[in-house]
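Peer 1:
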Amino acid sequence: MWCEDNLPSGALLVDDEEFERYRQSGWLIPVPPDMQETRQREALRDQQAKAVVDDFVAEHPEFEKRFYFEPPDHVTRLDDGNYVTTLPGGKQVVLTGQRQLLRDAAATIRAMNDRENRLETLVDLYPLMPPDCKDIIPPQENWQNMSASELAAAADKLTDCWADSLQPNGEELVTIAGAESPPVISDESSEQIYSDSSDDCYANPNDPSSYLKPEGLTDYTKNYLFKYLSPVRDQGRRGTCVTFATASAMEQWIARHYGRRTNLSEQAIYVLGKAILYGEWYEDGLPTVDFLEDVRDLGWALPFEPVWPYNRALKRPKGDTAFHNVCADYDFPICSETSHETVVICNKKYPIFCDYWTAGYYNGYSVPNIRVIEDFEDDDMNEALAYISAGHSVVLSVTVTQAFKDLKSIDFVAGENDTSSELGGHAVHAVAVGGLFPSMKYVLIKNSWGCGWGDRGFAWVPVKWIQEHFRSIVLVSANREGINYSPEVEIIQPQTQSKFPYGGFPPEPVKFKARTNDIEDGQNCCTVEWESTLDGYMGTGHELDYVFKNPGLHIIKATATDSEGVQDIDYVVVELTNQPPQVAITAPIPLAHGEPVWIYKGLTTMFFGKATDPNQPLGIPCGSFEWSSSNSSDAVPSGDCAVPIKFDTLGQRTITLEVADELGQTGSASVTVKVVDPPPDMDPNVVIVEPQNGEMLAPDSPNLLKAVVDNPGGQTLTYRWEWRRAGTSDAFSEIAPSKTYYWKPTVVPFHCGGQNIELRFTATNGTQDFSQTITVMVAFPPC
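Quick note, in our numbering, the sequence shown goes up one by one and the last residue is 905.
1. Please identify the residue among L134, K213, L529, W284 whose C-alpha is closest to the C-alpha of Y478.
2. Just list the beta strand (DSSP E) runs in the region 645-679, keeping only unbroken ones of 3 residues or longer that don't cross its boundaries, in chain order.
3. If you compare alpha carbons, which of D805, H514, A423, G395 is closest to A377?
4. Measure the beta-carbon distance from T649 to T683 and round it to whole angstroms, keeping in mind my assumption that it falls under 8 Å.
5. Indicate the three-state DSSP secondary structure (helix, strand or coil) for R146 in the structure shown.
6. Since I510 and A552 should fall inside the 8 Å C-beta cutoff, what is the C-beta to C-beta distance between them, to a whole number of angstroms?
7. To the nearest angstrom, how far is the alpha carbon of C283 from that of P261?
8. Once you ignore the five residues that flank F178 on each side, which residues in its own chain have a CB closer than 6 Å to its CB?
9. Helix or strand or just coil, what does DSSP make of A171?
10. Along the chain, where does the alpha helix (DSSP H) containing L247 start, and where does it finish?
11. For the region 391-401 against the region 415-425, are there 3 or more C-beta pairs whose distance is under 8 Å?
12. Please go through the region 539-603 and give each complete beta strand (DSSP E) segment of 3 or more residues, from N-terminal end onward.
13. Helix, strand or coil: how does DSSP classify D891 here?
14. Just to confirm before moving on: does the CB-CB distance between L725 and P813 stay below 9 Å?
15. Excluding five sequence neighbours on each side, which residues of the same chain lie with their C-beta closer than 6 Å to the C-beta of N504?
16. Sorted by chain position, which residues of the same chain lie with C-beta nearer than 6 Å to Y324's C-beta, five sequence neighbours on each side aside?
17. Apply the 10 Å Cβ neighbour rule to Q619 and answer buried if 16 or more other Cβ atoms are within range, or exposed otherwise.
18. Specify, as a first and last residue, the run of the alpha helix (DSSP H) that D847 falls within.
19. How big is the Cα-Cα spacing for V73 and D643?
20. How long is the line joining the alpha carbons of Q890 and D805, rounded to whole angstroms?
21. Rounded to whole angstroms, what's the CA-CA distance from R161 to Y400? Just pull it up for me.
22. Between Q222 and G407, how many whole angstroms is the CB-CB distance? I'm expecting something under 8 Å.
23. Indicate whether F670 and V632 have their beta-carbon atoms separated by less than 9 Å.
24. DSSP beta-bridge partners for T884?
25. Using a Cβ-Cβ cut-off of 6 Å (strictly less than) and excluding sequence neighbours within five positions of R240, which residues of its own chain qualify?
26. Taking 6 Å as the limit between beta carbons, can you name the residues of its chain near D137, skipping five residues before and five after?
27. If W749 and K796 are in contact, beta carbons under 8 Å, what's the gap, nearest whole angstrom?
28. So S519 and S570 are supposed to be a Cβ contact under 8 Å. How far apart are they, rounded?
29. Can you give the beta carbon distance from F883 to W843, rounded, assuming they're within the 8 Å contact cut?
30. Out of curiosity, what's the CA-to-CA distance linking A820 and P743?
31. Considering T708, what are the terminal residues of the beta strand (DSSP E) in which it resides?
32. Let me check understanding here. Comparing Cα to Cα, which of G557, W430, S599, W865 lies closest to P584?
33. State the start and end residues of the unbroken beta strand (DSSP E) segment that holds D690.
34. On the CB-based measure, 16 or more other CB atoms within 10 Å of its CB, does H676 come out buried or exposed?
35. Using CA atoms only, rank isn't needed, just tell me which of F747, G716, Q524, E651 is closest to P210.
36. Can you give me the C-alpha to C-alpha distance between F189 and L200, rounded to a whole angstrom?
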């Protein structure tokens with residue numbers, strides 16, 4: 123318990139209600155009253171690690187320089203024993219110091235002598251090896267009676283045989299046929315949006331073009347293992363490499379075993395180490411193996427990036443050994459200082475208890491198992507290569523050299539001849555194996571220094587280089603923990619009760635937009651599916667341009683589904699309105715000022731109409747045209763775009779055309795006519811009723827030719843239909859000597875795409891012709 127006048131530095135004293143709010147929003151871990159206890163515990167672990175390494179060096183003095191190094195003068199030493207170095211381009215990064223190096227080296231040495239660790243390694247690798255290689259080691263029933271050194275020797279023989287069986291091939295990555303087939307990953311199976319902690323590029327494993335092509339070894343983006351990687355990220359100016367390598371390795375494991383992409387919170391896992399496990403003892407950086415073992419034993423679940431976004435501490439001045447202004451421009455409630463990574467919450471009641479608060483431990487992925495593999499005396503590292511080739515998630519802790527640090531566009535570092543200075547410790551994610559076996563072997567690593575380092579954040583590292591500079595090689599796995607909360611979806615466009623015109627040519631789509639959020643998956647998460655009560659399934663996506671199939675009132679449903687199948691729904695109501703047809707009478711043309719059109723009694727007059735409808739882009743059929751007269755004695759035909767009307771009575775009347783679209787909505791137009799007596803010496807009146815000017819005739823079928831002749835003077839008349847090619851001075855050729863005839867235009871010469879012809883109908887009294895000519899097309903097919 124604590125006293126009110128002696129609370130931990132920066133502690134918040136809260137009432138019961140606020141304390142409960144913190145408890146429900148994260149994880150509360152008791153703060154020990156005496157912080158010296160944590161420091162003493164870690165100091166003891168440091169001493170034990172140093173003793174293990176010193177004993178090993180006493181037996182193997184050639185390793186002394188490897189474990190105890192002194193960086194060159196141009197590397198800045200921080201007060202906490204870590205180092206700052208500058209990458210090409212001016213970016214500064216923190217490398218861990220001697221303390222973390224000794225802790226990782228000691229963990230590797232202990233694993234080398236741990237019989238159970240050696241046995242588990244052999245059990246792991248045995249099913250993946252070729253049958254011939256399995257025959258050269260003791261049978262499985264003998265393994266329980268073998269020592270650690272005997273198990274190690276068996277694993278070495280097994281993997282050496284596997285490596286020797288590989289054919290030299292610099293064009294492909296090494297894969298193991300016996301490895302478990304990974305699931306297929308689709309974009310819809312993403313549990314997290316990609317990290318916002320990448321600043322140099324957006325390297326997407328689904329888009330190999332977002333990576334540079336390596337020039338010296340192979341195109342690793344074509345390998346199936348590559349698509350299970352998360353994007354390259356940038357740890358910034360902080361010593362958080364262990365958390366980035368761990369998160370990347372776990373994300374690979376999750377992709378291969380759960381079939382979904384994740385974006386885990388490096389910030390949260392770093393807080394666990396800094397504030398809870400080790401207190402202020404490690405000012406920057408973490409010991410790789412000890413930290414992963416502690417995370418495993420604690421059962422802590424690494425939450426998702428939106429729960430606790432990463433702070434890269436970019437405000438740290440260049441060359442300064444202290445962290446200043448690291449919280450500037452950091453909009454999350456809890457800043458990430460280097461010594462106090464989280465808030466401390468204390469209750470106001472006596473006795474006072476204080477707790478660390480961390481975000482969202484209850485929902486994410488835990489580390490159920492880790493395994494330290496390889497040892498410092500193995501000169502080929504085939505065990506590690508077999509694990510990586512089989513798709514296992516591997517965190518590699520190394521001592522960075524000047525050559526490694528300065529990688530730009532080249533794709534691998536110098537091998538066993540790398541004599542450049544050692545600068546400090548670092549952790550990366552080992553993702554693939556390639557090279558020309560058995561002589562030239564390389565490991566593809568994924569770094570966390572942004573995409574400006576190496577080949578967009580990747581690099582090929584010779585196995586010999588790793589063997590000379592690694593401190594620990596650790597397998598990690600991941601297990602889903604906690605409950606999955608429902609996502610939230612909101613339709614933000616269009617507003618409910620919006621109205622839109624139906625149809626059109628081309629039809630105008632309606633834009634739909636949805637906004638989503640999810641505790642686990644973050645903003646813009648989830649698969650969004652759209653449905654209509656009238657049209658059914660509409661499509662998927664946060665944005666959708668949709669052309670409606672039916673008019674009327676639609677209830678639109680947007681369903682957001684997160685990576686684990688939990689859903690949320692939002693609705694809007696929209697109406698697709700049917701527009702009435704636009705109708706016009708094109709002949710006879712109404713006169714100005716509303717004056718009626720004069721028409722002679724007893725003479726046939728053609729009335730022409732047209733109609734357009736935005737909802738029927740292919741047009742309204744003439745059969746929907748209804749003609750009528752305000753004079754009930756007039757005989758007015760219907761069901762055609764053009765109709766002949768003969769008026770038998772004098773006087774004014776209104777001729778109306780009404781057209782209905784396919785949904786029954788109507789439009790109309792009218793023209794006023796005045797019927798008068800014709801002059802006594804009126805010539806015969808000739809009117810072609812069928813076909814209409816501009817129509818198309820079938821070339822192989824009979825086409826109706828119909829004319830009407832009004833003969834007020836009672837003359838003796840004969841009739842004929844004729845044709846000729848349009849636009850020529852050819853003589854007309856007779857078709858038939860009648861007013862009505864069904865004509866098959868086989869005499870018209872073929873022309874690709876159609877032949878325009880003139881049709882003429884003539885009534886003659888022997889001395890004088892009375893004619894009407896129209897132009898039509900014989901619709902020959904295209905060539």
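Cβ atoms here follow ideal geometry from the backbone N, Cα and C, with glycine treated the same way.
For clarity, every value in this text was computed on a predicted model and none was experimentally measured.
Peer 2: So, from the data block:
1. L134
2. The qualifying runs are 649-654, 658-662, 665-668.
3. H514
4. Approximately 5 Å separates the beta-carbon atoms of T649 and T683; this is inside 8 Å, confirming the contact.
5. Checking the sequence shown, residue 146 turns out to be Gln, not Arg. Here Q146 sits in helix by DSSP.
6. 5 Å
7. If I take the Cα positions, the gap works out to 16 Å.
8. Beyond the five residues adjoining it in sequence on each side, F178 comes within less than 6 Å, by CB distance, of I231 in the same chain, given in chain order.
9. helix
10. 237-247
11. yes
12. 544-558, 562-568, 580-584, 592-598, 601-603
13. strand
14. no
15. Closer than 6 Å at Cβ, skipping near neighbours: T281, D282, A285.
16. Per-residue confidence for Y324 stands at a pLDDT of 44, beneath the threshold of 50, marking its modelled position as unreliable; the derived number appears in the next sentence. Here Y324 has no same chain residue with a Cβ atom under 6 Å from its own Cβ, once five neighbours each way along the sequence are excluded.
17. exposed
18. The question names Asp, yet the displayed sequence has Arg at residue 847. Not the alpha helix (DSSP H): R847 falls in the beta strand (DSSP E), residues 840-847.
19. Summary: the structure shown does not reach residue 73, with the chain confined to residues 123 through 905, and so no result is reported for it.
20. The straight-line gap from Cα to Cα measures roughly 10 Å.
21. Separation of R161 and Y400 (C-alpha to C-alpha, rounded to the nearest whole angstrom) is 7 Å.
22. 5 Å
23. yes
24. R842, S893
25. A270, L273, A274
26. K470
27. Their Cβ separation, rounded to whole angstroms, is 18 Å, which puts W749 and K796 out of contact at 8 Å.
28. Rounded, the Cβ-Cβ distance is 13 Å, inconsistent with contact.
29. Yes, they are in contact, since the Cβ atoms of F883 and W843 sit about 6 Å apart, within 8 Å.
30. 18 Å
31. 704-709
32. G557
33. Unbroken beta strand (DSSP E) run through D690: 689-699.
34. buried
35. Q524
36. F189 and L200 have their C-alpha atoms roughly 19 Å apart.
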